[in-house]
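Numbering (this note's numbering), first residue to last: 194 to 807.
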C-alpha cells in the first residue's frame, strides 16, 4: 500500500519535492475572544482539513507556495473564509462572529453525502442550474451529470420527461425534496411535470449514484436525488424572468423575497407559467406553478413553512415514434383525438423545524402533506360494452356488443407523514446521525366513460371501475463517520424499512378482492476513505439495498405469480482529485442484482404481461 500511494503522489504531484510551508494560528470568538476548540479548518478545493485543539490552535502542514482560500466553521458561528498568499510559514488569528440565525442547510444534513461517505456523488448549485434554466424540466437540466440519460415525450424537454441514472429508471431513483419523499408511492416513479419550473426554486441538489446513503422514501438502486429548496436570503429581492424558444416555447417567472425582516423573519415567493407546442405533433404543454415559503430564524432554532403547487395539461405523446418512421416523420404522434390530454394538479405542504441542542447536537423534524388529483382522457375504438359495466344494446335483430368511447382514468390521492433526524458532531473524530420517517399514502383509482358512440340507456359519466389502495412506509436509520487515523475515515450506515400495502388484486381463485402484504428490509452499508494528500482521496464501499415491487406487480398478479422484492449488492471504489484549477474523478462500481424485476413478454395466470424476477 505504501508503494502504491507513493506512486500516485509522484504521478500527480511531481513538484512535491519543492519547498513546503504551513498555515497555523488560533480560532476564537469575535465577541469575547474565547478560544474555540474543535473548529473545522480547511482549504477550499482540496481535501486538506483539520480541527482546532482545546486552546483553539490549528496547523495545516505540507503546503506548497501559492494562493489558498482558508475556510473556518463552527456550529453556531458564521463561517469565515480568508484568502492568503503562502510564500512562507503563516500564522493567522481567525475570529468567528456568532450566528444571528440557524441556517437552512441543517434540514438535509443527515441524508447528504460528504467527502467521507465513500460513494460517488455530484453536487449541483443554484448557479449551475440557472445557466440553462430556460423552460425545460428538472431532469433535462441534469443531463450533464455522470451516468444520467434523460428523455422527453414531447421532444422539447417540456412536459413529461424522464431521468435514468446508471441504467435505472425513475422507479429505482429515490427523490426527496428537503428530505421529504417525492416518488409516487405506488408506481414509485417521479413526475416532474407536476412541478413546472421547480428548478427556479431549487437552492442546491445532490445526486448520489448507486445505493447512496440511507434516506427517506422508496429504495434507491440507480441513484438518490436530494433536492433542497430552502435558502435564507438576507437581502430583499425581486426578479422577472422570461424566455422564448423553439416550438413556441414560452416561460414566464416572477420571484420575490422580503429578505430577513427584524433579523428573524423571511418570506419568498414564485409564480410561473410555461407553454410549448412540443417537437412531436400535438404534444403541447400548458403548465402553471407557484412556490411560497415563510420562515422564522432564531439563534438556535428555525421554523419554515413551504407551500408549492403545480398544475399541468399536456397532450399525450408517451407512445413514442415507431422505428419505421424515424427517418421520414420523426414528429409522428399516433394520438389524434382533440382532447387526448393528461390533467393533474399536485399541492405540497412542508413544515420544517430545526433546533440546536448544545454545541454537539442538532434536531431536525418535518411534517408534510401532498394532495394530488387529476385524470387523463383518451379515445378508444371497438371496446366491449361488458368491460365497462354496460349492457349489450339490442336493436330489432341486431346486437351491439362493442362501441367507440372516450374514457377518463382518475387518480385522487393523499400522502402525508413525518420525518426526523438527530445529528451529533464531536468536532473531532465522530459524526453521527439517527433518523427516519413514517409516511402513508391513500390513493383512489377509478375510471369513467364520458362519451360512447353506442350507450343505450346508460347514464352519463358511467364509472366502470374503482380501486382504493393504502401504503404505509416506515424507516429508521443510523449512520456514523469516524476518523480512524489522520488520513483514514470509516463510515457505517444501517437502515430498517417496513412497507405495508393494501390493494385490490387477484387472489388464488382469481377473484379481484382487497388484500395486503407486509415487507421488512434491512439495508446495511460501510466504507473507507483514505486521504492521500491535501488534493486527492481514494475510497471504497459496499452496501446492500432492497426494494418492493410496484403497484402493477401486485394488482396484475395472483399470490402464485406475484414477484418477490428486488435486492442489490453495490460495490463502489474510486479516486478523487481536486486542485484549484482541475477536478478529476474515476469510479468503479458493481451492481449485483438478485430477483431483479424485468418484463419478459410472458402472460401470467391472470392474463397480464407481468414483470418477473430473474
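Beta carbons are placed, not taken as given, at the ideal position from N, Cα and C, and that holds for glycine.
Counterpart residues of residue i in DSSP-defined beta bridges
{"i": "residue 352", "result": "None, per the DSSP bridge assignment."}
{"i": "residue 662", "result": "636"}
{"i": "residue 442", "result": "438"}
{"i": "residue 687", "result": "671 and 717"}
{"i": "residue 448", "result": "432 and 463"}
{"i": "residue 484", "result": "463 and 501"}
{"i": "residue 523", "result": "In the DSSP output, where bridge partners are listed per residue, residue 523 has none listed."}
{"i": "residue 288", "result": "221"}
{"i": "residue 261", "result": "277"}
{"i": "residue 468", "result": "443 and 479"}
{"i": "residue 338", "result": "Beta-bridge pairing links residue 338 to no other residue."}
{"i": "residue 656", "result": "641"}
{"i": "residue 344", "result": "355"}
{"i": "residue 740", "result": "759"}
{"i": "residue 630", "result": "612 and 668"}
Extent of the continuous alpha helix (DSSP H) run through residue i
{"i": "residue 748", "result": "744-748"}
{"i": "residue 811", "result": "Because the chain is modelled from 194 through 807, residue 811 falls outside the range shown and cannot be assessed."}
{"i": "residue 320", "result": "319-323"}
Selected residue, minimal CA-CA separation from residue i, among the options
{"i": "residue 271", "options": "241, 229 and 251", "result": "229"}
{"i": "residue 463", "options": "503, 457 and 708", "result": "503"}
{"i": "residue 779", "options": "625, 327 and 731", "result": "731"}
{"i": "residue 284", "options": "338, 708, 217 and 234", "result": "217"}
{"i": "residue 753", "options": "446, 700, 644 and 361", "result": "700"}
{"i": "residue 223", "options": "572, 286 and 388", "result": "286"}
{"i": "residue 474", "options": "509, 459 and 553", "result": "509"}
{"i": "residue 422", "options": "405, 342, 296 and 666", "result": "296"}
{"i": "residue 416", "options": "403, 427, 428 and 425", "result": "403"}
{"i": "residue 690", "options": "507, 330, 470 and 758", "result": "758"}
{"i": "residue 571", "options": "545, 715 and 599", "result": "599"}
{"i": "residue 560", "options": "794, 613, 568 and 537", "result": "613"}
{"i": "residue 470", "options": "578, 506 and 573", "result": "506"}
{"i": "residue 692", "options": "251, 425 and 633", "result": "633"}
{"i": "residue 387", "options": "428, 357, 346 and 330", "result": "330"}
Residue i versus residue j: straight-line alpha-carbon distance, rounded
{"i": "residue 276", "j": "residue 239", "result": "14 Å"}
{"i": "residue 477", "j": "residue 777", "result": "41 Å"}
{"i": "residue 764", "j": "residue 729", "result": "20 Å"}
{"i": "residue 721", "j": "residue 767", "result": "11 Å"}
{"i": "residue 558", "j": "residue 420", "result": "17 Å"}
{"i": "residue 267", "j": "residue 695", "result": "47 Å"}
{"i": "residue 200", "j": "residue 542", "result": "For residue 200, the predicted model reports a pLDDT of 45, less than 50, meaning its position is unreliable and no value from the coordinates is stated."}
{"i": "residue 194", "j": "residue 622", "result": "Confidence at residue 194 is low in this model, with a pLDDT of 41, below 50, so its placement is unreliable and the value that follows should be read with caution. The alpha-carbon atoms of residue 194 and residue 622 are separated by roughly 24 Å."}
{"i": "residue 680", "j": "residue 796", "result": "56 Å"}
{"i": "residue 340", "j": "residue 733", "result": "19 Å"}
{"i": "residue 196", "j": "residue 255", "result": "Note that residue 196 scores 43 on pLDDT, short of 50, meaning its location in the model is unreliable and no value can be drawn from it."}
{"i": "residue 480", "j": "residue 385", "result": "11 Å"}
{"i": "residue 263", "j": "residue 465", "result": "39 Å"}
{"i": "residue 394", "j": "residue 379", "result": "27 Å"}
{"i": "residue 670", "j": "residue 627", "result": "6 Å"}
{"i": "residue 493", "j": "residue 300", "result": "13 Å"}
{"i": "residue 631", "j": "residue 389", "result": "27 Å"}
{"i": "residue 807", "j": "residue 705", "result": "27 Å"}
{"i": "residue 261", "j": "residue 673", "result": "30 Å"}
{"i": "residue 302", "j": "residue 265", "result": "18 Å"}
{"i": "residue 668", "j": "residue 718", "result": "15 Å"}
{"i": "residue 512", "j": "residue 290", "result": "59 Å"}
{"i": "residue 792", "j": "residue 489", "result": "50 Å"}
{"i": "residue 305", "j": "residue 760", "result": "23 Å"}
{"i": "residue 279", "j": "residue 615", "result": "40 Å"}
{"i": "residue 656", "j": "residue 641", "result": "4 Å"}
{"i": "residue 710", "j": "residue 414", "result": "22 Å"}
{"i": "residue 803", "j": "residue 535", "result": "25 Å"}
{"i": "residue 637", "j": "residue 564", "result": "12 Å"}
Delimiting residues of the beta strand (DSSP E) encompassing residue i
{"i": "residue 496", "result": "494-508"}
{"i": "residue 370", "result": "366-370"}
{"i": "residue 805", "result": "802-806"}
{"i": "residue 305", "result": "Residue 305 -> no beta strand (DSSP E), and no H or E assigned at all."}
{"i": "residue 605", "result": "595-618"}
{"i": "residue 568", "result": "554-577"}
{"i": "residue 762", "result": "759-771"}
{"i": "residue 787", "result": "776-787"}
Note to self: Assess contact between the segment 664-684 and the segment 299-315, defined as three or more Cβ pairs (one per stretch) separated by less than 8 Å. Is contact present?
What the structure shows: yes
Note to self: Assess contact between the segment 316-331 and the segment 447-455, defined as three or more Cβ pairs (one per stretch) separated by less than 8 Å. Is contact present?
What the structure shows: no
Checklist line | Sufficient close CB pairs (3 or more, under 8 Å) joining the segment 512-529 to the segment 484-498 | finding: no
Check: Are at least three pairs of beta-carbons, each pair with one atom in the segment 366-378 and one in the segment 404-411, less than 8 Å apart?
Finding: yes
Notebook entry, point to check: When the Cβ atoms of the segment 604-620 are set against those of the segment 573-593, are three or more pairs found closer than 8 Å?
Noted result: no
Check: Given 8 Å as the limit, is there contact between the segment 514-523 and the segment 534-552, that is, 3 or more CB pairs closer than that?
Finding: no
Next item on the list: Taking 8 Å as the threshold, find out whether the segment 236-250 comes into contact with the segment 734-741 through three or more Cβ pairs.
Entry: no
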